[in-house]
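Below: one structure, written as structure tokens.
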Amino acid sequence: MWYNKFTFFDRQDGLIEVPTDSYLSKYLTEEEVKLYPDIKKLYPEFLDNDKLIIPKELTLTIELRELLKYSNGGGIINCDREFGYFSLQDIRYYYFAYGFPKWTPYFLPIAFNGGGKFYAYDFRDLIDIKIVAVSSGDLDYESSVVIGVTLEEVLSKTTNIEDELDLLYQRPKPTENEKRATEIYNELKELENNKNSGQIDLKTYLETKRKLENEITQTNKSSR
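Numbering that gives the first Met the number 0 puts the first residue of the sequence shown at 0, with every later residue one more than the last.
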């Protein structure tokens, strides 16, 4: 099997009975509501079946089914890449407890990295299902990053998935023109304050303002 080459730091009994394809997309059962009372506290709207919509696309992939049959929940480590994956029941819990139906209904959480970042399947395109990393504190499609297509590919990498999320949020360094434009806007603001407080006369204000505005026009042109 594909997972045999990986190191398990946690292994449980394997999943004996594989559920139907609709298991992950069904409504919360009364038993689950009692078992996980925090879901009712955090997202009471999830108990209203008339309004709750769970995508039918959410299913167990073949590779995840194979992994759960080997160990129903557990942990795989590959250098800095930690994959603490959920049992079948816990997948349901994390999906509801963290508000996935509300924020990212087509994401199915399957594991944590050990630092609050989810590994999740993205089922928005069934022809091209991907595995993404997304922060538990910022569930949003735009805040996720694709980290692979298969679990074997994802777990063969040795870096923490936080590094890939950091690249998503990393802002490019401003160019010299952008730096100067920011300085000019600040100078214009200070100039306005000096005029209003009577520190400079009107003639000086107008001359300096015109000079700065001409400079920022030239700066913006050269940046295009």
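Glycine included, C-beta positions come from ideal geometry on N, C-alpha and C.
So I130 and G147 are supposed to be a Cβ contact under 8 Å. How far apart are they, rounded? If you number the sequence shown from 1, residue 130 lands on position 131. If you number the sequence shown from 1, residue 147 lands on position 148. That belief holds up - the Cβ atoms of I130 and G147 are roughly 5 Å apart, short of 8 Å.
Under 7 Å, do Y93 and P104 count as touching if we go by C-beta distance? Start at 1 with the first residue of the sequence shown, and residue 93 comes out as number 94. Start at 1 with the first residue of the sequence shown, and residue 104 comes out as number 105. Here Y93 is not near P104, since their CB atoms are 7 Å or more apart.
Could you tell me the boundaries of the beta strand (DSSP E) in which G107 lies? One-based indexing of the sequence shown puts residue 107 at position 108. Correcting the residue type first, residue 107 is Leu in the shown sequence and not Gly. For L107, the enclosing beta strand (DSSP E) covers residues F106 to F111.
Write down every uninterrupted run of the beta strand (DSSP E) in the stretch 10-86 whose length is 3 residues or greater and which is fully enclosed by it, in chain order. DSSP assignment within the stretch 10-86 yields the following whole beta strand (DSSP E) runs of 3 residues or more, N-terminal first: 73-77 and 80-84.
What is the DSSP secondary structure of I160, reduced to helix, strand or coil? Within the sequence shown, the letter at position 161 stands for residue 160. DSSP, reduced to helix, strand and coil, places I160 within a helical segment of the structure shown.
Which residues in the same chain as S142 place their Cβ atom closer than 7 Å to its Cβ, once the five residues preceding and following it in sequence are excluded? Along the sequence shown, read from residue 1 onward, the residue named residue 142 stands at position 143. The residues V133 and S134, in chain order, have a CB closer than 7 Å to that of S142 in the same chain once the five nearest residues on each side in sequence are set aside.
DSSP has S134 in a bridge; who is on the other side? In the sequence shown, counting from the first residue as 1, residue 134 sits at position 135. Its beta-bridge partners are K116.
If you follow the beta strand (DSSP E) that V145 is in, where does it begin and where does it stop? Counting from 1 along the sequence shown, the entry for residue 145 is found at position 146. It spans V144 to G147 - the beta strand (DSSP E) in which V145 sits, taken as one unbroken run.
Please return the same chain residues whose Cβ sits closer than 8 Å to the Cβ of K194, not counting the five positions on each side in sequence. Translated into positions along the sequence shown, residue 194 becomes position 195. Closer than 8 Å at the Cβ level, and outside the excluded window around K194, lie L201 and Y204.
Rounded separation between T28 and R80 - CA only: Counting from 1 along the sequence shown, the entry for residue 28 is found at position 29. Counting from 1 along the sequence shown, the entry for residue 80 is found at position 81. Straight through space, the alpha carbons of R80 and T28 are spaced by roughly 34 Å.
Give a yes or no on contact between the stretch 181-189 and the stretch 157-169, applying the rule of three or more CB pairs nearer than 8 Å. Fewer than three pairs of CB atoms, one per stretch, sit closer than 8 Å, so the stretch 181-189 makes no contact with the stretch 157-169.
Between which residues of its own chain and W1 is the CB-CB distance below 6 Å, once the five residues before and five after are set aside? For the purposes of this step, residue 1 is taken as the residue at position 2 of the sequence shown. Only residues of its own chain outside the window of five on either side were considered, and among them E151 have a CB closer than 6 Å to the CB of W1, listed in chain order.
Between L67, G72, A96 and E206, which lies nearest to L34 when the distance is taken from Cα to Cα? Counting from 1 along the sequence shown, the entry for residue 34 is found at position 35. Considering only alpha carbons, the answer is A96.
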